[in-house]
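Heads up: the structure comes next, in structure tokens.
Right, here's the structure in full:
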């Protein structure tokens, strides 16, 4: 970094000394976010002194408490996210509403970054996928044709004594009873055989009854059956309804895909697991249309063929085992575990994107649905599951071969042909569907990103998705430093999400920025006033580089765009 003024050298040196001491004590301790408490949370929820700080607030004694307990639950993660402005229970001043969360300032930025990256990766950079944005409410016949009106349900059991209602399969799973099939008869038999009673009062449970998960509403002033409509439970059907319009207006040729991001609604019986099971959430879906005779004609397959995946087949599960096999996607397709090459390709592409945004693929497996859990529309489905220590393996992405079920049903119910030309042939395409649940992806992302370094928490989010890219600090709270820092901050804000804070010691400001995932901190010190250079501090390594203010924006852009590793220490920053 070269020579510094007394002021800059003294304060920065002290800060680096504290950090080095902390690193030697407890460097690289990773917290399991599913199993840990919000050690830094305090009962007071006052706003930070500077509104500009967007959640930049000190976490007292966090490191010591972490070392004492070393656990973090999803409930405490929810507390942490509320305290730092990522997510708030919706309607919290009225006691909240189960299954609904609002995005706070940091959560809204994180959401936008992840959605934008998904859209870039799966739509904008590709030549074979286009996007649409469909309505939340559409013609109710849509849901009759799709099968949702008839088959989109979970089984509900009600206590005959206190009237409390439970989702039947969740109730059994909570008691450690594996549910291998979802039929009413098998669930009823299990409840009776195991003597399962109401967890609330010990009363007897009634028979399982189907409960449709769609929210009902009305179009127009009259609340009659004729005016009944539904809030969409998935975005996919809007893609199918618009399939032929998109095909012809865009001059598309098979194979090609249509993508959509949007809010969906499911009236879950028992929402749970913080962001995992919500009643209102966001889906990111692609319906990829393929000639049914060309499901194995995939020229892009070589891009993913040698990817190794942990694959748990339906056959293995039906034999009573949870042992996955590690094999390449090439081997999975050649062995027939994945029936269609295009299906295997989209499994690989989905895994590549999850890795790209920072999810550890070592905590991922690909599980095939057994026959009894296959959706009414599916030929074959694989879930990409993430391992949460408090919940076990849980789906964050589903990838289905939907066959021609949806297009044929809409053709039947509408009387309009859904066939299109593929060369000289007229076909109704098969559909491969990668379906991502945004909030589940964010939950896994936060779990993977949360670490403790030097006894202090940090969110090790990749710069490409970090909600705040840059923190800008004067090294001391003095007018000449604040004025210079503010000018730099305003310039940075034209290019990046950034925060400014002048209060507190520089070390504490660094740590507060680390906790909300800010990858880079720019500091104006004594030397800045002499030669117009500033330091850039790296969140994960605590290393610093010095650059001239004229090179600051280009340098930050290079760092933000760096691949894994190099952005952590400035390697390749061009300095």
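In this note's numbering, the protein residues as written are 44 to 618.
All C-beta atoms, glycine included, are put in the ideal place defined by N, C-alpha and C.
Since the model is a prediction, treat every value here as computed from it, not as a measurement.
On the CB-based measure, 16 or more other CB atoms within 10 Å of its CB, does residue 582 come out buried or exposed?
Taking the first residue of the chain shown as position 1, residue 582 is located at position 539. Result: buried.
If you count every other CB in all the chains shown that lies within 10 Å of the CB of residue 423, and 16 or more means buried, which is it?
By 1-based counting over the chain shown, the position of residue 423 is 380. With a 10 Å radius around the Cβ and a threshold of 16 neighbouring Cβ atoms, residue 423 comes out buried.
I'd like to know whether the C-beta atoms of residue 401 and residue 485 end up nearer to each other than 8 angstroms.
The residue you call residue 401 lines up with position 358 of the chain shown. The residue you call residue 485 lines up with position 442 of the chain shown. Cβ distance not < 8 angstroms, so residue 401 and residue 485 don't count as in contact.
Which of the three DSSP states, helix, strand or coil, is assigned to residue 599?
On the chain shown, position 556 is the one that residue 599 refers to. Here residue 599 sits in helix by DSSP.
Between residue 272 and residue 183, how many whole angstroms is the CB-CB distance? I'm expecting something under 8 angstroms.
Counting from one through the chain shown, the residue named residue 272 turns up at place 229. Counting from one through the chain shown, the residue named residue 183 turns up at place 140. Yes, residue 272 and residue 183 are in contact; Cβ-Cβ is about 5 angstroms, under 8 angstroms.
Report the option in 571, 565, 569, 572 whose CA atom is closest to the CA atom of residue 598.
For the purposes of this step, residue 598 is taken as the residue at position 555 of the chain shown. Among 571, 565, 569, 572, the Cα nearest to that of residue 598 belongs to 565.
Indicate whether the contact test is met: 3 or more Cβ pairs, each with one atom in the region 165-184 and one in the region 289-301, closer than 8 angstroms.
yes
Pick helix, strand or coil for residue 183, following the three-state DSSP scheme.
The sequence position of residue 183 within the chain shown is 140, counting from 1. Note: residue 183 maps to coil in three-state DSSP.
Enumerate in chain order the residues of its own chain whose CB-to-CB distance from residue 188 is below 6 angstroms, with the five nearest sequence positions on each side excluded.
For the purposes of this step, residue 188 is identified with residue 145 of the chain shown, where counting begins at 1. Taken in chain order, the residues that qualify are 452, 453, 456.
Could you give the residue range of the beta strand (DSSP E) that holds residue 199?
Here residue 199 refers to the residue found at position 156 of the chain shown. Segment 196-201, the beta strand (DSSP E) holding residue 199.
Contact between the region 550-569 and the region 506-517: three or more CB pairs below 8 angstroms?
yes
Can you name, in chain order, every residue of its own chain whose Cβ lies under 7 angstroms from the Cβ of residue 104, other than the five neighbours on each side?
Walking along the chain shown from the start, residue 104 turns up at place 61. For residue 104, the pLDDT reaches just 41, beneath the cut-off of 50, and the residue's location in the model is therefore unreliable, leaving the point undetermined.
Quick one: give me the first and last residue of the beta strand (DSSP E) that residue 588 is part of.
Counting from 1 along the chain shown, the entry for residue 588 is found at position 545. 587-591 is the span of the beta strand (DSSP E), which, as asked, contains residue 588.
Just reading off the beta strand (DSSP E) that residue 253 is part of, what are its end residues?
Against the chain shown, residue 253 aligns to sequence position 210. Element bounds for residue 253: 252-255.
Between residue 302 and residue 166, which are expected to be in contact by the criterion C-beta below 8 angstroms, what is the C-beta distance as a whole number of angstroms?
Here residue 302 refers to the residue found at position 259 when the chain shown is read from its first residue. Here residue 166 refers to the residue found at position 123 when the chain shown is read from its first residue. 5 angstroms between Cβ atoms; contact.
Please report the distance separating the alpha-carbon of residue 390 from that of residue 589.
One-based indexing of the chain shown puts residue 390 at position 347. One-based indexing of the chain shown puts residue 589 at position 546. Answer to the nearest angstrom: the Cα atoms are 43 angstroms apart.
State the DSSP-derived secondary structure class of residue 517, mapped to helix, strand or coil.
Taking the first residue of the chain shown as 1, we reach residue 517 at position 474. If DSSP states are grouped into helix, strand and coil, residue 517 belongs with the strands.
Restricting to runs no shorter than 3 residues, where is the beta strand (DSSP E) found entirely within the region 415-489?
423-431, 435-446, 463-465, 468-470, 473-480
Can you give the beta carbon distance from residue 117 to residue 317, rounded, assuming they're within the 8 angstroms contact cut?
Indexing the chain shown from 1 puts residue 117 at position 74. Indexing the chain shown from 1 puts residue 317 at position 274. About 5 angstroms; that satisfies the 8 angstroms criterion.
Work out the CA separation of residue 333 and residue 415 for me, nearest whole Å.
The sequence position of residue 415 within the chain shown is 372, counting from 1. The sequence position of residue 333 within the chain shown is 290, counting from 1. Rounded to whole angstroms, residue 415 to residue 333 spans 26 angstroms at the Cα level.
Could you say if the region 249-258 and the region 188-201 meet the contact criterion of at least three C-beta pairs nearer than 8 angstroms?
Below 8 angstroms, enough C-beta pairs join the region 249-258 and the region 188-201 to call them touching: three or more.
Can you tell which of 461, 285, 396, 365 has the C-alpha that lies nearest to the C-alpha of residue 157?
Walking along the chain shown from the start, residue 157 turns up at place 114. That would be 396, whose Cα lies nearest to the Cα of residue 157.
What would DSSP say about residue 496, mapped onto helix, strand or coil?
As a first step, residue 496 is located in the chain shown; it is residue number 453 there, counting from the start. If DSSP states are grouped into helix, strand and coil, residue 496 belongs with the strands.
Determine the DSSP secondary structure at residue 381, reduced to helix, strand or coil.
Mapped onto the chain shown, residue 381 falls at position 338. Looking at residue 381 - three-state DSSP - the assignment turns out to be coil, as it is neither helix nor strand.
Assuming residue 129 is part of the beta strand (DSSP E), what are its boundary residues?
Counting from 1 along the chain shown, the entry for residue 129 is found at position 86. Residue 129 -> no beta strand (DSSP E), and no H or E assigned at all.
Just how far apart, CA to CA, sit residue 443 and residue 328?
On the chain shown, position 400 is the one that residue 443 refers to. On the chain shown, position 285 is the one that residue 328 refers to. Distance between the alpha carbons of residue 443 and residue 328 is about 11 angstroms.
Taking the CB atoms as reference points, tell me whether residue 135 and residue 146 lie closer together than 8 angstroms.
Start at 1 with the first residue of the chain shown, and residue 135 comes out as number 92. Start at 1 with the first residue of the chain shown, and residue 146 comes out as number 103. Going by C-beta atoms, residue 135 is not nearer than 8 angstroms to residue 146.
Which partner residues does residue 353 have in the DSSP bridge list?
Residue mapping note: residue 353 aligns to position 310 of the chain shown, counting from 1. The secondary-structure analysis by DSSP pairs residue 353 across a beta bridge with 369.
Is residue 362 helix, strand or coil when you go by DSSP?
To locate residue 362, count along the chain shown from 1; it is residue 319. The answer is coil: DSSP assigns residue 362 none of H, G, I, E or B.
Starting from residue 413 and walking both ways along the alpha helix (DSSP H), at which residues does that stretch end?
On the chain shown, residue 413 is found 370 positions in, with the first residue counted as 1. Here residue 413 belongs to no alpha helix (DSSP H), and DSSP marks it neither H nor E.
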